[in-house]
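Remarks on the structure that follows.
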Amino acid sequence: MMKRKIIIAVGVTMLLGILPTWAQPRARAAQEENKSANELSIRAQTRYPGSKSLPQDVVWTREIYRTLDMTKEENGALYYPVEPMGDRMNLFSLIFKLLGQKKIPVYEYTLDGTERLTADNEIKFKDVLDRFSIYYEQRKLKDRRDSVLVIENSDIPSGDILSYFVKEVWYFDQRSSTYGSVITALCPVYHRSEDFSSERVKLPMFWVNYKDIAPYLNGAMVMASNFNNVANRSMDDFFVTRQYNGEIYKTTNLQNRPLAEYCKTDSAMMKEQKRIETELVSFEKHLYGSDTLSTVVKPAIKEKVSAKKTAKAAAEETAVEQEAAVQPEETVKTNSKKKGREKTTSTSSARQGSKREAAAPKASVRRQRR
C-alpha cells in the first residue's frame, strides 16, 4: 500500500513538472510573436516617422470629410497595381495585410459616418472577412492548437475599393502661427455588385487611424509621374502634400448633417462645396496682416491711378464741350455761304432775264422791216 502511494506521488510530481515545460513553448511563442510585432512597429516608426500630427491646444479647427474617387487620374497612385506585385501594392492591399498581421487596429463604421477610434469600437479581422464575404481558408499549424487565416492575393477585393472617405482637420496653431491640415482617419469603401442588379452598392468597411498606418505608408512607394517612371514618392507624402483629388461630402456641425441632406440638386451641392473651399482659403488670407510697405505703397498707387483717370475724364469732357461750341459757328458760316450763293444765283438769273427782255424788241423790229 505504501509503495503504491509512493508511486502515485512520484507520478503526480513528474506530471506537474512536465506540464509547465509543455505549456512553456506555447506561451513563449505567443510572447515572442507579440514582442516581434511590437519591435517591428517601433522599428518602423523610428525609420519612417511619418507625417505630423494635430498640434495640441489649437485655437481654431475645421473638420472636413472628403470622398476620393479612385477612377480619377489624380488618385490612381493609390489604386494601382490592383493586385500585389512583389513589394508593390495599392493602399487597400497594404491596409488589408497589416490588419491580417495584427499590426494595426480598425474601427467600426457607424451609421452616422462619424469615426470613433476607441477600443470599444475595434473590430476583428475575421469579422471583416465574414461581413464582406471575403474568401479565406482556416489552416491549423503544426504543434499548435490555434489556426491561421490564409487569403490569397487574388481574393483581396482591392479592385472593388473604388473610393475612400478621408477626414481632414484644418487648424490654426497660435503658438507657432501656422495654418495647415492633417489627415486623421481613412475609410475604404467597397463597391460591390449585387445579384440581378447592374448598379454597385457602396459599403463603407471600417475606419483606420491615420497615425497607425503612417509609418507603413511612409515606406510604401507609389509612382509620381507617367512620364518619369523613376520619380516615386511615398504614400504618406502623397497624403501630406494633398496630391489627391477629393470632393467634400460632409463637415462637422451641430446637427451632424451631410451636404446631401440639405443640397437637393447637383448644382446646389457644387455651390456648397465651392463655398466651403473658399472659406478655407479666405480664412488663411485674413489670418495674417499685410506688409507695411504694401499698405503704404498700394493705396498711393491706387490714388495716382484714380487721379489720372479723373484728369483724363475731365479732359475728355472739355474736348466734347469745345467741339459742341465750335459746331454752331461752323453751321452759321455754312448757312451764310449758302445764302450768298443763293443771292448770286438769283442775281445772275435776273440779269439774264433782263438781257433776254431787252433783246426781244430788237428782234421784233427786224421782223417788221423785212
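Going letter by letter, the sequence shown gives residues 0 to 369 in numbering that gives the first Met the number 0. A virtual CB, placed ideally from N, CA and C, is assigned to each residue, including glycine. These figures come from a predicted structure and were not determined experimentally.
Straight-line Cα distance separating residue j from residue i
i, j, result
"E246", "E283", "20 Å"
"P83", "L93", "9 Å"
"Y302", "W206", "The identity of residue 302 in the sequence shown is Glu, whereas the question assumes Tyr. Rounded to the nearest angstrom, the two C-alpha atoms are 57 Å apart."
"A219", "S176", "32 Å"
"K396", "T240", "Since the first and last residues shown for the chain are 0 and 369, residue 396 lies out of range."
"Y189", "S305", "60 Å"
"S224", "K139", "44 Å"
"V200", "N217", "32 Å"
"T183", "K308", "53 Å"
"R370", "D56", "Shown here, the chain extends from 0 to 369; a query on residue 370 therefore has no answer."
"L253", "E62", "12 Å"
"S35", "M204", "Low local confidence applies: a pLDDT of 45 at S35 is under 50, so the model's placement there is unreliable, with the coordinate-based value given in what follows. In a straight line, the C-alpha of S35 is about 28 Å away from that of M204."
"K263", "R256", "13 Å"
"D265", "Q321", "58 Å"
"K71", "Q242", "12 Å"
"F195", "H285", "54 Å"
"A118", "E193", "32 Å"
"N231", "A310", "59 Å"
"Y163", "R144", "38 Å"
"A22", "L67", "Summary for A22: the model assigns pLDDT 45, below 50, so the residue's position carries little reliability; its value from the coordinates is reported in the next sentence. Their Cα atoms are separated by approximately 49 Å."
"I198", "F124", "For the record, residue 198 in the displayed sequence is Glu; it is not Ile. Their backbone Cα atoms lie some 28 Å apart in a straight line."
Residue environment, residue i, which counts as buried when at least 16 other CB atoms sit within 10 Å
i, result
"D142", "exposed"
"D235", "buried"
"F237", "buried"
"A148", "One detail in the question is off: residue 148 reads as Leu in this sequence, not Ala. L148 should be labelled exposed."
"Y287", "exposed"
"S157", "buried"
"E114", "buried"
"F226", "exposed"
"S233", "buried"
"M269", "exposed"
"N244", "exposed"
"E32", "Annotation note: pLDDT 48 at E32 (below 50); position unreliable, no value reported."
"T312", "At residue 312 the sequence reads Ala, which differs from the Thr that was named. So A312 counts as exposed."
"A324", "exposed"
"A76", "buried"
"V221", "buried"
"L110", "exposed"
"P95", "Here the sequence assigns Phe to residue 95, which means Pro is not the residue at that position. Counting Cβ neighbours within 10 Å, F95 comes out buried, since at least 16 surround it."
"N74", "buried"
"Y261", "exposed"
"E278", "exposed"
"P24", "Reliability fails at P24, whose pLDDT of 49 lies under 50, so the model's placement of it is uncertain and the value that follows must be treated cautiously. Exposed, by the Cβ-count rule."
Neighbourhood of residue i by C-beta distance below 6 Å, restricted to the same chain and skipping five residues each side
i, result
"V181", "L53 and V168"
"G179", "none"
"M88", "none"
"I150", "Y135"
"V319", "none"
"L128", "Y135"
CA nearest to the CA of residue i, picked from the options
i, options, result
"G112", "E271, A306 and T250", "T250"
"M69", "L279, S192, Q100 and F91", "F91"
"N120", "K308, S146 and E107", "E107"
"V165", "N208, Y134, L202 and I275", "N208"
"I122", "V200, Y135 and P104", "P104"
"Y64", "Q137, I275 and A310", "I275"
"L185", "R174, S192, E198 and I212", "I212"
"L161", "I133, L128, L202 and S197", "L202"
"V81", "T109, L140, W59 and D154", "D154"
"D126", "D265, G99, S196 and K307", "G99"
"Y78", "E316, L97 and P187", "P187"
"D172", "E315, V58 and A314", "V58"
Beta-carbon contacts of residue i that lie in its chain and below 7 Å, excluding the five residues immediately before and after
i, result
"Q137", "S146 and L148"
"T60", "V168, W169 and Y170"
"D159", "Y189, H190 and R191"
"G85", "none"
The ligand GDP heavy atom lying under 7 Å from the CB of residue i
i, result
"M268", "Although the ligand GDP was asked about, the structure shown includes no ligands whatsoever."
Short CB-CB distance (under 8 Å) between residue i and chain C
i, result
"N225", "Among the chains of the structure shown, chain C does not appear; only one protein chain is present."
Cutoff 8 Å; reference residue i; Cβ partners in own chain excluding five residues on either side
i, result
"Y267", "The sequence shown places Ala at residue 267, rather than the Tyr named in the question. Counting only Cβ-Cβ distances below 8 Å, and skipping sequence neighbours, we find nothing."
"Q272", "E246, I247 and L258"
"F131", "P156, Y189, R191, L202 and M204"
"S281", "none"
What are the uninterrupted segments assigned as alpha helix (DSSP H) that are 4 or more residues long and contained completely in the stretch 210 to 273, given in chain order?
234 to 239 and 258 to 261
Unbroken stretches of the alpha helix (DSSP H), 4 residues or longer, contained in the stretch 75 to 140:
90 to 99 and 124 to 130
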